[in-house]
Structure formats: C-alpha cells, structure tokens
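Next up, the structure:
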C-alpha cells in the first residue's frame with residue numbers, strides 16, 4: 002500500500018436524495034502501484050467514470066477514502082486536480098472556438114509551463130496523435146479528433162499520474178497500438194502512473210494490473226496473467242464472463258431473499274447494468290457483448 006500512487010478504500014457514491022437515490026459505487030477497493038498501468042475494465046454505466054472523477058477530486062464520496070500520492074484529492078494542500086495529474090474525461094471538455102494550438106497553450110499556461118516547453122510538446126503531440134493543422138479550430142474537428150486533442154492536453158505537462166477515461170474508443174487500430182506503446186514507455190522510463198478505463202477486453206492485457214468492474218463493484222483485481230492462472234482460463238474474456246455469471250447468481254440469490262420491495266441499491270444496479278448491456282458498438286470483443294450473453298442467459302432462465 003505504501004508503494005501505491007492511488008488507494009481507494011471502501012468507496013461508496015450515490016446520486017440523488019435519501020428518499021430516491023442511485024448507488025453507483027458499492028464499496029470499491031482499488032490499489033494502483035506507482036509507475037504501473039492500471040486497466041479498469043467494465044461496461045458503460047458500471048461506475049468507471051464516477052470512480053475516476055472521485056480520484057481526481059471532481060466528486061466527493063458518500064463514504065470511504067481515496068488517497069493519491071499520500072494525500073486526499075480535492076484539498077488545497079494536495080493540489081489535485083493540478084499539474085501532477087493529466088486527466089482526459091469521457092466527455093469532450095474543450096473550447097470550441099480555440100485552435101488546437103491555442104488549446105494546448107491554454108493548458109500549458111495553466112500548468113505554468115515555459116513557452117518553449119509548450120511549443121516542443123505541441124509539435125510532438127500533434128505528430129504523435131495524427132492531428133490536423135494546429136491552426137484548425139476545435140469546432141472544425143471530428144469527434145475522434147477532438148478526443149485526441151483532449152488526450153494531448155492530458156499528456157502535455159508530462160504529469161506523474163495520468164487518468165484516461167476510454168482514450169482509445171473510436172481510434173484507428175494502428176493509432177491505438179501506438180498510444181499503448183507510448184503509455185508503456187512512459188510507465189517504464191518515467192515511472193508515470195497510468196489509470197485507464199476501457200471496454201476492449203484484450204486491450205486490458207497490456208496493463209500491469211486490471212480491475213474488472215460491474216454494477217459499481219470490483220469483481221476482481223490482479224495482474225492479467227494471475228487472473229488467467231487463478232481462474233484457469235485462456236483469456237480475460239473468459240475470466241470476465243465467468244465472474245459476471247457468478248455476480249449475476251449472487252444478485253439473483255440476494256433478490257430472492259429480500260422482500261418484494263427489496264434492496265433498492267441492488268435493483269438499481271441491475272437496472273443500470275441492463276440499460277447499458279448492448280448500448281455500445283465496438284469492433285473488438287467488448288464487455289457489452291459479454292454482458293449481452295449473461296443477460297440472454299438470465300432471460301432464458303426466467304422463461
């Protein structure tokens with residue numbers, strides 16, 4: 002734990018009010034070793050984005066604790082969010098009337114970077130991420146290009162911690178591979194700690210450690226090869242599918258033991274999970290496609 006850059010202990014997060022609330026995080030525990038790549042794998046709507054927002058201090062937990070580099074994020078002493086963290090959110094948080102260059106210089110000045118350093122990083126990042134002319138305005142870019150500008154802004158100041166929310170969604174496979182090679186290079190040479198969410202299952206194998214998440218819970222957390230060995234499976238796809246079946250059985254057993262009014266949190270988790278099971282199209286095998294299998298099994302049992 003003392004070597005961990007990020008420690009999440011029994012994290013609970015609810016949205017809404019006491020009489021009508023949705024529990025998004027259910028006692029989540031996560032440990033991200035310093036200088037490692039941590040892959041958070043799960044379907045849309047499972048709580049990945051909420052967890053990342055809590056880690057960078059944009060949201061507060063209802064219960065539990067998050068420690069980043071030995072301090073609580075969101076406090077004045079910690080200065081996170083700040084220069085030590087590069088954060089790429091899932092939504093595109095860019096100024097539409099800025100050019101690519103103006104966007105990078107804006108973030109560079111926020112982090113007190115020298116102009117020559119900004120220019121050097123700008124040249125590298127535009128080339129690396131295959132971006133168009135630096136004078137092109139954000140409003141003129143495609144959605145995929147805007148996300149790559151957002152990634153460039155996160156990488157700009159070469160932070161100690163990178164928090165990337167699905168940075169490879171919709172990215173060309175060759176560029177996706179290039180991005181992963183760069184992230185691995187950063188973790189190995191600069192000891193940059195990287196936390197990345199994805200729903201590309203086999204992509205997560207590139208991470209040093211993965212957390213498999215469903216319905217606001219971490220089903221398992223370990224090195225990819227350790228998970229394969231522990232569950233005696235040949236792919237993370239099979240491991241995740243097995244854990245999903247076990248989790249679904251747990252939920253069904255818990256529901257059957259409750260009254261008809263039941264545990265509100267469990268019911269809400271199921272409804273959130275079902276809502277997003279088949280919601281995302283991805284070329285590769287994804288968590289959504291696996292959970293679609295689990296959902297069809299659940300429906301067939303009822304019939």
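In our numbering, the protein residues as written are 2 to 304.
A virtual CB, placed ideally from N, CA and C, is assigned to each residue, including glycine.
Write down the C-beta distance between residue i and residue j rounded to the nearest angstrom, noting that I regard them as a contact closer than 8 Å.
{"i": "residue 56", "j": "residue 188", "result": "17 Å between Cβ atoms; not a contact."}
{"i": "residue 218", "j": "residue 31", "result": "That pair is no contact at about 11 Å."}
{"i": "residue 169", "j": "residue 203", "result": "No, residue 169 and residue 203 are not in contact; Cβ-Cβ is about 12 Å, not under 8 Å."}
{"i": "residue 42", "j": "residue 200", "result": "7 Å"}
{"i": "residue 70", "j": "residue 85", "result": "7 Å"}
If you draw a straight line from the alpha carbon of residue i to that of residue j, how long is it in whole angstroms?
{"i": "residue 211", "j": "residue 198", "result": "10 Å"}
{"i": "residue 239", "j": "residue 216", "result": "18 Å"}
{"i": "residue 51", "j": "residue 21", "result": "19 Å"}
{"i": "residue 118", "j": "residue 153", "result": "14 Å"}
{"i": "residue 183", "j": "residue 27", "result": "33 Å"}
{"i": "residue 229", "j": "residue 25", "result": "28 Å"}
{"i": "residue 140", "j": "residue 58", "result": "28 Å"}
{"i": "residue 175", "j": "residue 96", "result": "28 Å"}
{"i": "residue 87", "j": "residue 61", "result": "19 Å"}
{"i": "residue 1", "j": "residue 243", "result": "An answer regarding residue 1 cannot be provided, because it is not within the stretch 2 to 304 covered by the chain."}
{"i": "residue 94", "j": "residue 226", "result": "36 Å"}
{"i": "residue 46", "j": "residue 40", "result": "16 Å"}
{"i": "residue 83", "j": "residue 110", "result": "12 Å"}
{"i": "residue 233", "j": "residue 241", "result": "12 Å"}
{"i": "residue 179", "j": "residue 173", "result": "10 Å"}
{"i": "residue 33", "j": "residue 135", "result": "35 Å"}
{"i": "residue 19", "j": "residue 44", "result": "27 Å"}
{"i": "residue 190", "j": "residue 89", "result": "21 Å"}
Measuring alpha carbon to alpha carbon, tell me which of the options ends up nearest residue i.
{"i": "residue 245", "options": "185, 259, 214 and 143", "result": "214"}
{"i": "residue 177", "options": "130, 144, 223 and 150", "result": "130"}
{"i": "residue 91", "options": "98, 228 and 166", "result": "166"}
{"i": "residue 128", "options": "150, 142 and 108", "result": "150"}
Starting from the C-beta of residue i, find all residues in its chain whose C-beta is less than 6 Å away, skip the five residues before and the five after it, and write them out in chain order.
{"i": "residue 222", "result": "212"}
{"i": "residue 35", "result": "4, 6 and 194"}
{"i": "residue 209", "result": "37 and 38"}
{"i": "residue 274", "result": "Confidence at residue 274 is low in this model, with a pLDDT of 39, below 50, so the placement of that residue should be treated as unreliable; the coordinate-derived value is given next. 216."}
{"i": "residue 75", "result": "58"}
{"i": "residue 106", "result": "119"}
{"i": "residue 53", "result": "164 and 166"}
{"i": "residue 142", "result": "none"}
Can you find the residues in the same chain that come closer than 8 Å, C-beta to C-beta, to residue i, ignoring five residues on each side of it along the sequence?
{"i": "residue 146", "result": "132 and 133"}
{"i": "residue 248", "result": "215, 216, 218 and 220"}
{"i": "residue 137", "result": "100 and 101"}
{"i": "residue 185", "result": "38 and 207"}
{"i": "residue 98", "result": "138, 139 and 140"}
{"i": "residue 171", "result": "144, 145 and 148"}
Please return the same chain residues whose Cβ sits closer than 7 Å to the Cβ of residue i, not counting the five positions on each side in sequence.
{"i": "residue 48", "result": "25, 26, 214 and 217"}
{"i": "residue 181", "result": "207"}
{"i": "residue 224", "result": "209 and 210"}
Does the Cβ of residue i lie closer than 8 Å to at least one heavy atom of the ligand SAH?
{"i": "residue 103", "result": "Ligands in the displayed structure: none, and consequently the ligand SAH is not present."}
Legend entry - Segment contact flag, the region 52-71 with the region 10-28, C-beta cutoff 8 Å, min 3 pairs: Flag = yes, the region 52-71 and the region 10-28 touch.
Inset, instruction - Answer yes if the region 189-200 comes into contact with the region 150-167, meaning at least three C-beta pairs across the two stretches below 8 Å, and no otherwise. - result: Contact between the region 150-167 and the region 189-200 is present, because at least three Cβ pairs lie under 8 Å.
Legend entry - Contact the region 113-123 vs the region 144-158: 3+ CB pairs below 8 Å: Pairwise C-beta distances place the region 113-123 in contact with the region 144-158, as three or more of them are shorter than 8 Å.
Legend entry - the region 98-105 contacting the region 119-128, beta-carbon criterion three pairs below 8 Å: yes
Legend entry - Inter-stretch contact at 8 Å, needing at least 3 Cβ pairs: the region 250-258 / the region 230-239: no
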